[in-house]
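**Student:** For reference, the structure I am asking about is given below.
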Ligand code: GLN
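Numbering (my numbering), first residue to last: -17 to 517.
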């Protein structure tokens, strides 16, 4: 079969759930028996989101190969249950860097370098290569931003060109828009959708399908109107009402006939219907009344929950596996330093300290780890959450009040977390951390090994600092178990406290490998301990 391309664009406003829509569509097509590849194109100039503040961008999602990517890749991986690679996400910054690099080497032999064709050709090369690289039947490409943005124009121009180059019969445009609701008149409005389609048409693209997101029910008349004004077939106007359960989106799309329509219009040979039974059951399970487990998430960017997208999802997956509902109490680590927010921590059945950078709120996180240790409240530390657990242990158990990470205090006399030699000479911030998949051997009989049920695992990393092995023996004497180590024994990957119901923390980020149907073992173990120890 010729490779088919599905292009997702967004209209009206950002954050309409284009990524989730693309991910859910990818799942449906995989279920129909096709090999799918996914790619996200980000129009900003940063080379990757790795150096961006989570306030600006939400979570930085990390892949096996160490690529630091947009959080939509997390949706793709969780829904479709695939492992993506670096070529599944690129930015304008990467494209410009490549072209400017070539220009400096003299590759263009005196030519003038222009957006069209030089930048667009490089974008095209990258879009075209993912299908070949993965040997996919269908490539789903999501363009970040909203139609009408100046910066996404080169991307849209490429999609327009590709439609002619790979053949119109092999290309399908899905435009995801938002229908605002006017409370005073009780009406849903289609005008912004019409305008965004007009903007898309002005650059030569007519959408084949419109997925219209709304917080309120959308009737047939509204759909007819969209079909008429936006020049798409009636069956290709898909209203999608906000669901309280994220994982219901593929079911909604399937019920709306999206996969049937795609298979027919793109003339794809599908041998089977999508088996959505497991997803149906998952959603039903989510909706069943269950008792609640309260988890205090002590972080730095808690106002913007997107900054902890994968952690939140992993907690939900683990809760479901334990047949409970998770209620996350978002706690500002810096508040704890000012004696605020402690009620949430004290009421919680479990405490989670996620990853983070920079010193703001560090002492608050250390206090949260101390509380969990002293009160024997289940604790899960992720990356920085492991580092603060070690700092607290050094201060509170080993009596080294000066213990710290050299990230926060360069003059600490007891730097339990420190830079490895190979990190010391690095001056560039972007893409230079320990990134991606690394193996970890588990210590027999440890809580980590019991949770995983295997001896060796591979997990995704994103950090610069490591546990300082100089202090390992002291820690062991004090009752800390190094339950996960790199195979050469040099890097600490998991620590846990022996005399505690569940105080386990990893240097890696387990949240990136949790899937709705395959919850991550460390999260499941943590949630079970929190459930069993409920107040
Ligand atoms: N700031 C810490 C480091 O670089 C932790 C990083 C993280 O939590 N992702 O090692």
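Idealized CB from N, CA, C, for every residue including glycine.
#1: Kindly give me the distance between the Cβ atoms of residue 123 and residue -10, rounded to whole angstroms, as I take these residues to be in contact under 8 Å.
#2: Please determine, among 125, 190, 475, 77, the residue with the shortest C-alpha to C-alpha distance to residue 156.
#3: For residue 277, which option in 265, 69, 300 has the closest C-alpha, if you only look at C-alpha atoms?
#4: From what residue to what residue does the beta strand (DSSP E) around residue 24 run?
#5: Looking at residue 53 and ligand 1, is the gap between the Cβ and the nearest heavy atom below 7 Å?
#6: Counting C-beta neighbours from all protein chains within 10 Å, is the total for residue 100 16 or more, i.e. buried, or is it exposed?
#7: Within 10 angstroms of its Cβ, does residue 57 collect 16 or more other Cβ (buried), or is it exposed?
#8: Can you name, in chain order, every residue of its own chain whose Cβ lies under 6 Å from the Cβ of residue 493, other than the five neighbours on each side?
#9: Which class does residue 64 belong to by DSSP, given the choice of helix, strand or coil?
#10: Flag residue 415 as yes when its Cβ comes closer than 7 Å to any non-hydrogen atom of ligand 1, and as no otherwise.
#11: What residues match up with residue 488 in a beta bridge as DSSP calls it?
#12: Go ahead and pull the three-state DSSP assignment for residue 41.
#13: Could you tell me whether the Cβ atoms of residue 222 and residue 195 are closer together than 8 Å?
#14: Can you tell me the Cα-Cα spacing of residue 121 and residue 152, whole angstroms?
#15: If we ignore side chains and look at the alpha-carbon of each, how far apart do residue -5 and residue 131 end up?
#16: Once DSSP output is grouped into helix, strand and coil, what is the label at residue 438?
#17: Taking the continuous alpha helix (DSSP H) assigned at residue 339, which residues delimit it?
#18: Please determine, among 416, 347, 414, 438, the residue with the shortest C-alpha to C-alpha distance to residue 424.
#19: With hydrogens ignored, establish whether the beta-carbon of residue 38 is closer than 7 Å to any heavy atom of ligand 1.
#20: Can you tell me whether residue 465 is helix, strand or coil according to DSSP?
#21: Please decide whether residue 72 counts as near chain C, where near means a Cβ-Cβ distance under 8 Å.
#22: Got a sec? Which residues, its chain only, sit under 7 Å from residue 205 by beta carbon, not counting five neighbours each side?
**Tutor:** Walking through what the data contain:
#1: Under the criterion of beta carbons closer than 8 Å, residue 123 and residue -10 qualify as touching, at roughly 7 Å.
#2: Ranking 125, 190, 475, 77 by Cα distance to residue 156 puts 190 first.
#3: Closest by alpha carbon: 300.
#4: For residue 24, the enclosing beta strand (DSSP E) begins and ends at 18 to 24.
#5: Incorrect: residue 53 has no Cβ contact closer than 7 Å to ligand 1.
#6: So residue 100 counts as buried.
#7: By the 10 Å Cβ count, residue 57 comes out buried.
#8: The answer, listed in chain order, is 292, 293, 296.
#9: Residue 64 falls in the coil class under three-state DSSP.
#10: The answer is yes for residue 415.
#11: BP columns for residue 488 point to 364, 476.
#12: The three-state secondary structure of residue 41, taken from DSSP, is coil.
#13: Yes, the pair counts as a contact, with Cβ atoms nearer than the cut-off.
#14: Distance between the alpha carbons of residue 121 and residue 152: 10 Å.
#15: If you take the alpha carbons of residue -5 and residue 131, they lie about 11 Å apart.
#16: For residue 438, the secondary structure class from DSSP, reduced to helix, strand or coil, is strand.
#17: Neither: residue 339 is in no alpha helix (DSSP H) and is coded neither H nor E.
#18: For residue 424, the closest alpha carbon among the candidates 416, 347, 414, 438 is that of 438.
#19: No.
#20: Three-state result, residue 465: strand.
#21: Of the protein chains in the structure, only one exists, and it is not chain C.
#22: Answer for residue 205: 216, 219, 221, listed in chain order.
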